[in-house]
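According to full-length UniProt numbering, the residues represented by the sequence shown are 1 to 239, in order. All C-beta atoms in this analysis are idealised placements derived from N, C-alpha and C, irrespective of residue type, glycine included.
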Amino acid sequence: MWAVRRPPPRSDRHPPPPFNAPAARRLRSALGLDPGHVAHALRASYDLPYVTPALVAAWERGSAFPSHPELTALAGVLWCSPGELIGRPRTLREHRLARGLAPEDVAHAVGHELHAYLRMEETGQWRGTDRQTAALTRLLGLSLADVVTVTGREERLAELLRAAVTTRWQAYVRQVSKIAPLERRLLEEVLHRLHQDYQGHMAATLSWGGGPTDATDPGRDFLTHVVDHFWTAVAAEAA
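This is the structure in structure tokens:
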């Protein structure tokens, strides 16, 4: 029986992309392949001699994750795009891989020198102009939430949202709009809703008879995921 062997050191310094294990398993089954067939193809056609059926099975269970080169090769074996095997992309590099584009393609399309674009992927900080950001958005099919993330502004958005829900939300409408340029009425409704939700969490916990320590847990959880709550509320209000 094959065993999962540790692959040799890779030159890929990036963490593995978010992997959609159920999709990989579903695509393999649809082709009538078993993990052994996939492993053989990866070894024979993609110069990955260490891949075993057990490693492929571990990817599909979610107990191991393919690297960027491995994921690209796996997509080739399964006759799909890399994007079909990636969970929700978070970084600029992951969005590019999900679209199956080379760095040169993106750099040319947005008007950046290749070395400058690669530096942005490496640091996770997009430095494009408004025109270049618009071109990137079209090319990679980015949502506004994706743009905020890949341009490195998500943490600043989180800071503003945490302040808005814990104090006077009206004071943060303009600052939030600079990061997430939404229609003002929509943004006001979203911030008001988040403020009410946060205060409701805190009030409900206190009404259960908990002390101050008990009251901090739901509030802390809400603040930790406040950006997710924000985009969910935006989608709900815009629907």
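Check whether the Cβ atoms of residue i and residue j sit closer than 9 Å, and answer yes or no.
i    : j    : result
L136 : L142 : yes
W126 : G152 : yes
L92  : M120 : yes
V226 : A158 : yes
V38  : L78  : yes
L42  : L33  : no
G100 : H112 : no
P35  : R28  : yes
H95  : D146 : yes
G76  : Y50  : no
P122 : L114 : Residue 122 is actually Glu in this sequence, not Pro. It is not a contact, given that the beta carbons lie outside the stated cut-off.
Can you tell which of the options has the C-alpha that lies nearest to the C-alpha of residue i?
i    : options                  : result
S63  : T72, P69, A21 and S45    : A21
L160 : T91, L223 and T133       : L223
E60  : A109, A180, L74 and T129 : L74
L182 : D221, T52 and A233       : A233
A102 : L139, R131 and G128      : L139
F65  : R162, R168, A41 and A24  : A24
Q196 : T167, L42 and L48        : T167
E237 : L118, V190 and T133      : V190
V110 : L27, R131, G124 and F230 : R131
G200 : R184, G219 and C80       : G219
D221 : A235, M202, A107 and P35 : M202
E155 : A239, D228 and A107      : D228
L31  : A163, W231 and C80       : C80
R90  : H108, W231, A58 and G124 : G124
My guess is that residue i and residue j are in contact by the Cβ rule of under 8 Å, so how many angstroms apart are they, rounded?
i    : j    : result
L187 : V173 : 6 Å
V148 : A180 : 6 Å
P18  : H68  : The Cβ separation is near 12 Å, so there is no contact.
Y117 : V165 : No, Y117 and V165 are not in contact; Cβ-Cβ is about 36 Å, not under 8 Å.
R184 : S177 : 7 Å
Please name the residue or residues paired with residue i in a DSSP beta bridge.
i   : result
F19 : I86
Any beta carbon from chain B within less than 9 Å of residue i's own beta carbon?
i   : result
T72 : This model lacks chain B altogether, as it is built from one protein chain only.
- Task: Count the CB pairs spanning the segment 80 to 100 and the segment 47 to 58 that are closer than 8 Å, and state whether there are at least three.
- Result: At 8 Å Cβ cutoff, the stretches do not touch.
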